[in-house]
Structures are given as structure tokens and as C-alpha cells.
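A short write-up of the structure that comes next.
Structure below.
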């Protein structure tokens, strides 16, 4: 089952355009943002192995993104955080690295149009950390099932 999921994720990544294509009206969400959401969802579900796999896929997308579309400073920061997540299956460490990855993704989303859809920035006061979501309902990646709805939307990007 895991192999089937990974194959589907791989095909979806390959079939999407590997640039931000912010000027292309046919692109509704960047592959980078889509893959970020996949990491978040794995952490929400408490699945450290899947989070590591999704972070590895995120790294591939970062590496294949045109340097004109992703500044070097952003590329380096995103790569470091995703690499840290991919190298461990300790979910507590992954969640710590995800916090800085989320900050970097939010900065990027504010600077560039990553999606035609609304991006919600949610904040967990217990963890003092934020994350991005494509949905206003709270699904906390820092505590998973133990505090799934802890947090609130603090900003939206349209």
C-alpha cells in the first residue's frame, strides 16, 4: 500500500510543472506548496516515516525549481529544513524542523504567488509555532491527535 501511495505521489509530482509559474494562469498551486502540505499532513497524522519521505520529495522539487523563481537564500533555507526532516524518523525532531520550514514557506508565499487558492497561516500558542494550510479548519501538525484542534488562523494570503 505504501509503495502504491509513493508511486501516485511521484507521478503527481512529475506530471505537475516543476516551476512556480506564477505568471501562468493554468497553474493553481505550486508543486512546492503542494508538497509542503503533504509533509504537514503526514505530521498531523503522526506518521514520521511518511513525513521523511514527503520531505525527500520536497527536496527534489526545490532542486528542480528554476533559480530565477526561487532565490538562493530561500532555496538554501528550505532545503536545510526539509533535509533535516527527511533524515530522521523522530517525530518530535521533525516537528521542530517543520516549524522553521513553515516560517520559510510563509515568507516565500508572501513574496511570490504560490497558489490561486487562499493560503491560511495557523498558529499554535502551545508550541509557539505556525504552519500553512489550504483549509481554515485547524489540524495541528505539532501535536497531532493529542491536540489536533489547538490553534487558530492568524493570517490569510489570497
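In the numbering used here, the protein residues as written are -8 to 149.
Here a beta-carbon is modelled for each residue, glycine too, at the ideal position from N, C-alpha and C.
Keep in mind that this is a model prediction, so the values were computed, not measured.
- Residue range 22 to 35 is occupied by the alpha helix (DSSP H) that includes residue 28.
- In this chain, residue 92 is not harboured by any beta strand (DSSP E); it is covered by the alpha helix (DSSP H) spanning 82 to 102.
- Nearest to residue 91 by C-alpha distance, out of 27, 19, 22, 139, is 27.
- Taking C-alpha positions only, residue 33 is separated from residue 41 by approximately 6 Å.
- Rounded to the nearest angstrom, the gap between the Cα atoms of residue 97 and residue 146 is 10 Å.
- The beta carbons of residue 109 and residue 149 sit closer together than 9 Å.
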